DNA sequence: TATGAATGAGTTTTCATTCAT
DNA sequence: AATGAATGAAAACTCATTCAT
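Residue numbers (the UniProt record's numbering), protein chains in the order written: chain L, 1 to 215; chain P, 1 to 215; chain E, 1 to 215; chain C, 1 to 215.
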């Protein structure tokens, strides 16, 4: 068999699974879940369809496996970028930078995770929501820690979860915006968001709030 | 046609179109773009399929029409909720409230707009991105006006568009979060976001920024 | 459109349904349930596959519809061939003749009913077993009536249901045998079975039984 | 290969073939010919698929081998249960008892033979029909012997083959009925059938026939 | 205007069968 | 002798779309 022969045969299962997942992420991210066909995935993977079904199960299963893998990669990237001994604001900053760095260099993963997974019904969003929950919890923990230290009142504390959701959403949206403005450096994007959120949160904690009544 | 024929026919075009669009929004929001079938839409609309094609064109066209209509409704709701003579912060506040009010009472519209439109490829996102742009511009204008008045430096000014994007994303994400926490009153959600963003933005404008260097 | 144009268009639903069922019975009887493909059925029916699914549902549904239709035809043929005022033996005789006449002129129906329906799992056999039950009940009623009149003992009475089952099975088997011996006239086949069964039953009723002990 | 390797290999051919056939009979009888998959059979047999193909050939071949083996077992059981020196009626009685005993303790075999084999097209029915022929011949011989001894007329003699077919069918059908009424003892079932058939046949032989003309 | 009837083209999925080791 | 890896071929089913009336 010549060296150029792309279709190497009898590879061990693990290798094939990786090939397939790679191809699937690529195709799903390009065409979306529904418009992606198993045919194309099998072509891109250089593997016949029956192998996909044998190794990864149905189209749904395959998609879920993609989401799971990419979500884990993303969360690992974020978590491993955070120094748990640093103060909360530094931790948030590190997390944001890691997040944007990941998105910057794994656009396909991001598209699959953000655009596709959300729009599909329950079965998939669960995987996704699980990851989102971890992210929100991560942020929530930081906020709560800060709030407690600084003595935040009860009512405001309740809102941390919502704030965390907003922050995660803002990050996602900003990441999307960033896809269309690639010239902007990672650091800048992360820094803008950090400022917007952290300073605002700081004011909030200190009771320095905006109310319509003031006007 | 007998007099007893209960099915009213020969309705004016406008009425038919409305029937169809209403049905389409409902079905799209329930099943998603791809899983929605023209058959079901025609059933729900009480109109035969050929009529749909005659009036609204292909499935893609129909979906685009839905997006457009709902996006316009949303933007109208927001804009008409804003008093153009009020100061920027009040305008932002009014806009946020109107937005959350709309989402709260038009969940179907929101699902179609947010979850479905985004996940579909180019043709649809355009409609959606157009609306997003209008929203971002709206916010951007407020921010810029404020920044200018308060004398924001050049570099920061560049970031207003990104900030606006983040704000819009945060709003969307928070709206989603809210769907799962319906007990929270509209006013609270809007107020949280307003505080988070406005105060943070205020600090930003005043040069009161967070930087990793501080630590 | 020329007269020879086989594919007549826009036929009313009923007509199409009949076409489809006819084709399905033919194909199922030729290839068996599993080896019959919807493609072939649609070709034979001169109708596209989607019509089949629209009108008759899934392959299972289609098969069930075939069974039901043919089973009803068969039972109607049998029942309508029986004079309810005749004495039991005459009724049995009439039924047998009608049965063999039907099988003789509807071999396809018979193959579908006897060979295919039985071999498929639960869902189908139910339809079939329902018909079989009707047949067995029919015979059982005749036997019981006779037995009662002639004063059959309790224990033997219990066996009538089994006897009826045996008779039905004998009929089926004989019908199958007959398919391979078409030269034999209907009347002869029916008459043989009638004799075998009726006389034996008569002996049974009169206590004139065979037991191994006798020897 | 390490000594710890628990999976015993290099078994002699006969043993492997038996393993495979046992598994195949079980799986075929549970799911039917078509719904049985070679995968499941190989799993149940604890043997890899290529071995099955090496030893027993294609799926068709494998099924045919099952039929053949089970049919032989059944016929052996019947034949070995008959004392060739006994009078015809006793032989029939012994055969019937052996038949029902076999079915009672080999339900899987029976399902494969009766329900599956019949429904498949030509290739299989041949094996089956061969066995059926042997059974019919067996019975036919008994009937003919009796008829001759008792001096049956020509015309009636011709019908013995059909009678044998009917008897075999009745047995099969009764066996099926019995599967649903397991409380009935083997002896009773066999005895009912014996009476129904033998007495009827006896009458037949003695010219004591039923004719519609009588009424 | 309005629709029941009709289909081409495509999808996911499964399975018997065979290499390469 | 024995098997994990691999696939060609075909099946059931669906859907957007368009005639003919």
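Just so you know, even glycine gets a beta-carbon here, dropped at the ideal spot from N, CA and C.
Treat the numbers as computed from the prediction; the structure is a model and nothing was measured.
Subject >> Span of the alpha helix (DSSP H), counted from its first residue to its last, around residue 160 (chain C) >> reply: The residue you call residue 160 (chain C) lines up with position 160 of the fourth chain. Run containing residue 160 (chain C): 160-179, per the alpha helix (DSSP H) assignment.
**OP:** Could you check if residue 32 (chain P) is buried or exposed, using at least 16 other CB atoms within 10 Å of its CB as the buried criterion?
**Re:** In the second chain, counting from the first residue as 1, residue 32 (chain P) sits at position 32. Residue 32 (chain P) is buried by the Cβ-count criterion.
Original post:
In angstroms, rounded to a whole number, what distance separates the CA positions of residue 30 (chain E) and residue 116 (chain E)?
Top reply: By one-based count along the third chain, residue 30 (chain E) stands at place 30. By one-based count along the third chain, residue 116 (chain E) stands at place 116. If I take the Cα positions, the gap works out to 10 Å.
Subject >> Buried or exposed (CB count within 10 angstroms, at least 16 for buried), residue 57 (chain P) >> reply: Here residue 57 (chain P) is taken as the residue at index 57 of the second chain, counted from 1. Classification of residue 57 (chain P): exposed, given that the 10 Å Cβ count is below 16.
Original post:
Heavy atom of the ligand NAP less than 7 Å from the Cβ of residue 169 (chain P), yes or no?
Top reply: No copy of the ligand NAP occurs in the structure displayed, which carries no ligand at all.
Subject >> Reference residue 194 (chain E), options E:132, E:97 and E:11, closest by Cα >> reply: In the third chain, counting from the first residue as 1, residue 194 (chain E) sits at position 194. When only C-alpha atoms are compared, the closest one is E:97.
Subject >> Same chain, Cβ closer than 6 Å to residue 168 (chain C), five either side skipped, listed in chain order >> reply: Looking up residue 168 (chain C) in the fourth chain gives position 168. Around residue 168 (chain C), the same chain offers 135 and 136 as residues with beta carbons nearer than 6 Å, after the five sequence neighbours per side are excluded.
Original post:
DSSP on residue 146 (chain E), reduced to helix/strand/coil?
Top reply: Position 146 of the third chain, counted from the start, is the residue given in the question as residue 146 (chain E). Of the three classes helix, strand and coil, the one that applies to residue 146 (chain E) here is helix, per DSSP.
**OP:** Please specify which runs of the alpha helix (DSSP H), each continuous and at least 4 residues long, are wholly inside the segment 7-38 of chain P, giving them in chain order.
**Re:** 13-31
**OP:** Tell me where the alpha helix (DSSP H) around residue 106 (chain P) begins and ends.
**Re:** Along the second chain, read from residue 1 onward, the residue named residue 106 (chain P) stands at position 106. From DSSP, residue 106 (chain P) is part of no alpha helix (DSSP H); its letter is neither H nor E.
Subject >> Residue burial classification, residue 15 (chain E) (beta-carbon count within 10 angstroms, cutoff 16) >> reply: Here residue 15 (chain E) refers to the residue found at position 15 when the third chain is read from its first residue. Exposed, since its Cβ has fewer than 16 Cβ neighbours within 10 Å.
**OP:** Answer with yes or no whether the minimum CB distance from residue 75 (chain P) to chain L is below 8 Å.
**Re:** Working through the second chain from its first residue, we reach residue 75 (chain P) at position 75. No, residue 75 (chain P) does not count as interfacial toward chain L.
**OP:** Give the interface partners of residue 116 (chain L) over in chain P, defined as CB-CB distance under 9 Å, in chain order.
**Re:** Here residue 116 (chain L) refers to the residue found at position 116 of the first chain. Result: 119.
Original post:
Straight-line CA distance for residue 99 (chain C) to residue 79 (chain C)?
Top reply: Position 99 of the fourth chain, counted from the first residue, corresponds to residue 99 (chain C). Position 79 of the fourth chain, counted from the first residue, corresponds to residue 79 (chain C). Taking the straight line joining both Cα atoms gives about 9 Å.
Subject >> Within chain E, the residues that residue 201 (chain C) reaches when beta carbons sit closer than 8 Å >> reply: Residue mapping note: residue 201 (chain C) aligns to position 201 of the fourth chain, counting from 1. 196 and 200, listed in chain order.
Original post:
Can you list the residues of chain C that residue 208 (chain E) reaches, using a CB-CB cut of under 8 Å?
Top reply: Within the third chain, the letter at position 208 stands for residue 208 (chain E). Within chain C, the residues near residue 208 (chain E) are 199.
Original post:
Going along chain L in order, which residues have a C-beta closer than 7 Å to the C-beta of residue 62 (chain P)?
Top reply: Looking up residue 62 (chain P) in the second chain gives position 62. Near residue 62 (chain P) there are no residues of chain L at all, since even the closest Cβ is about 16 Å away, more than 7 Å.
**OP:** Give me the Cβ distance between residue 91 (chain P) and residue 142 (chain P), rounded to the nearest whole Å; I'm assuming they're in contact under 8 Å.
**Re:** As a first step, residue 91 (chain P) is located in the second chain; it is residue number 91 there, counting from the start. As a first step, residue 142 (chain P) is located in the second chain; it is residue number 142 there, counting from the start. Indeed they touch by this definition, with Cβ atoms about 6 Å apart.
Original post:
Taking only beta-carbon atoms, is residue 32 (chain E) less than 8 Å away from chain C?
Top reply: Taking the third chain and counting its residues from 1, the one referred to as residue 32 (chain E) is at position 32. Yes, its Cβ sits closer than 8 Å to a Cβ of chain C.
Original post:
So with Cβ pairs under 8 Å, would you call residue 177 (chain E) a contact of chain C?
Top reply: Your numbering for residue 177 (chain E) matches position 177 in the third chain. It does: the Cβ of residue 177 (chain E) has a partner Cβ on chain C nearer than 8 Å.
**OP:** State the start and end residues of the unbroken alpha helix (DSSP H) segment that holds residue 208 (chain E).
**Re:** As a working mapping, residue 208 (chain E) is identified with position 208 in the third chain. Note, residue 208 (chain E): premise wrong, no alpha helix (DSSP H); not H, not E.
Original post:
For the 8 Å Cβ check, are there 3 or more pairs between the segment 166-183 of chain C and the segment 162-180 of chain E?
Top reply: yes
Original post:
What span of residues does the alpha helix (DSSP H) with residue 61 (chain L) cover, start to end?
Top reply: Along the first chain, read from residue 1 onward, the residue named residue 61 (chain L) stands at position 61. It spans 59-80 - the alpha helix (DSSP H) in which residue 61 (chain L) sits, taken as one unbroken run.
**OP:** Kindly say whether residue 29 (chain L), judged by its beta-carbon, lies nearer than 8 Å to any beta-carbon of chain P.
**Re:** By 1-based counting over the first chain, the position of residue 29 (chain L) is 29. Taking Cβ atoms only, chain P never reaches closer than 8 Å to residue 29 (chain L), which makes this a no.
**OP:** Give a yes or no on whether 8 Å exceeds the smallest Cβ distance from residue 58 (chain L) to chain P.
**Re:** One-based indexing of the first chain puts residue 58 (chain L) at position 58. Residue 58 (chain L) does not count as touching chain P.
Original post:
So, is the C-beta of residue 193 (chain C) closer than 8 Å to a C-beta in chain E?
Top reply: Numbered from 1 along the fourth chain, position 193 holds the residue referred to as residue 193 (chain C). Answer yes: the Cβ-Cβ gap between residue 193 (chain C) and chain E drops below 8 Å somewhere.
Subject >> Exposure label - residue 219 (chain L); buried when at least 16 CB within 10 Å >> reply: Past the boundaries of the shown model lies residue 219 (chain L); chain L is included only from 1 to 215, so the question cannot be answered.
Original post:
Among E:87, E:185 and E:65, which residue has its Cα nearest to the Cα of residue 159 (chain C)?
Top reply: As a first step, residue 159 (chain C) is located in the fourth chain; it is residue number 159 there, counting from the start. Of the candidates E:87, E:185 and E:65, the one whose C-alpha sits nearest the C-alpha of residue 159 (chain C) is E:185.
**OP:** Give the DSSP-derived three-state secondary structure of residue 83 (chain P) in the structure shown.
**Re:** The count along the second chain starts at 1 and reaches residue 83 (chain P) at position 83. Reduced to three states, the DSSP call for residue 83 (chain P) is coil.
Original post:
Residues in its own chain within less than 7 Å of residue 59 (chain C) by CB, not counting five upstream and five downstream?
Top reply: As a position in the fourth chain, residue 59 (chain C) is number 59, starting the count at 1. If we look at residue 59 (chain C) and ignore the five residues flanking it on each side, its Cβ neighbours are 38.
**OP:** Indicate whether residue 274 (chain P) and residue 24 (chain P) have their beta-carbon atoms separated by less than 8 Å.
**Re:** Here chain P has residues from 1 to 215 only, and residue 274 (chain P) is not among them.
Original post:
Buried or exposed: which applies to residue 148 (chain C), given that a residue is buried once 16 or more other Cβ atoms fall within 10 Å of its Cβ?
Top reply: Position 148 of the fourth chain holds residue 148 (chain C). The residue in question, residue 148 (chain C), is exposed, as its Cβ has fewer than 16 Cβ neighbours within 10 Å.
**OP:** Go ahead and label residue 54 (chain C) buried or exposed: buried means 16 or more other beta carbons lie within 10 angstroms of its beta carbon, across all protein chains shown.
**Re:** Start at 1 with the first residue of the fourth chain, and residue 54 (chain C) comes out as number 54. Label assigned to residue 54 (chain C): exposed.
**OP:** Please check if any C-beta of chain C sits within less than 8 Å of the C-beta of residue 212 (chain E).
**Re:** Numbered from 1 along the third chain, position 212 holds the residue referred to as residue 212 (chain E). Yes, contact with chain C.
**OP:** Show which residues of chain C have a CB atom less than 8 Å away from the CB atom of residue 172 (chain E).
**Re:** To locate residue 172 (chain E), count along the third chain from 1; it is residue 172. Here the neighbours are 169 and 173.
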